[in-house]
Amino acid sequence: MLKLTYTETGFNLERLVQSPEQLVALRVVLAMRVGQSITVEPSTAAFLLPANLPALSLLESEARRNDSEAIDLCVADADFVEVTLRGTWIGGASEGAQGVFATVLGDRAELLLLKLWLETQAAAEVVGEVGD
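Start counting the sequence shown at -11; every next residue gets the next number (the numbering used here).
Take a look at the structure:
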């Protein structure tokens, strides 16, 4: 399972061994114990990856091979590809964009997507350091 954690400043992507059902159950129990409202609903999440990542073609092939409806890749412009995932949104009762999105892809697709995202984050950190 891939888990995207959205905050005020961005999002974090991680791969977990638990199922989305287990994650939802844990979040619901936590919300009940602390007396907070929780929203759980089917949803989509989208983010951009640089189009020049070498392994992006592997992810495109994997998405086509599995004929998965959980992931779509679309050219956003000359520099970026938009990745759209279908899964489950877990958030608070407020209309804010903070929360957790969970989806299940094939193992290979999950690993490739995580690898590509981590490469993008590492490149962004280097650019940030050079710009400082």
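Using N, Cα and C, we set each Cβ at its ideal position, and we do this for glycine too.
The structure displayed is predicted, hence computed values, not measured ones.
Assuming contact is defined by CB atoms lying nearer than 7 angstroms, are residue i and residue j in contact in what I supplied?
i	j	result
residue 34	residue -5	no
residue 4	residue -11	yes
residue 39	residue 60	no
residue 1	residue 105	yes
residue 123	residue 37	There is no way to answer for residue 123, as the model of the chain reaches only from -11 to 120.
residue 57	residue 97	no
What are the residues that DSSP puts in a beta bridge with residue i?
i	result
residue 30	76
residue 23	Looking at the DSSP assignment, residue 23 forms no beta bridge with any residue, so it has no partner.
residue 65	Beta-bridge pairing links residue 65 to no other residue.
I think residue i touches residue j, with their Cβ atoms under 8 angstroms apart; what is that distance to the nearest whole Å?
i	j	result
residue 11	residue 90	5 angstroms
residue 47	residue 101	6 angstroms
Out of the options, which one is the CA nearest neighbour of residue i?
i	options	result
residue 26	51, 36, 42 and 76	76
residue 52	7, 94, 9 and 8	94
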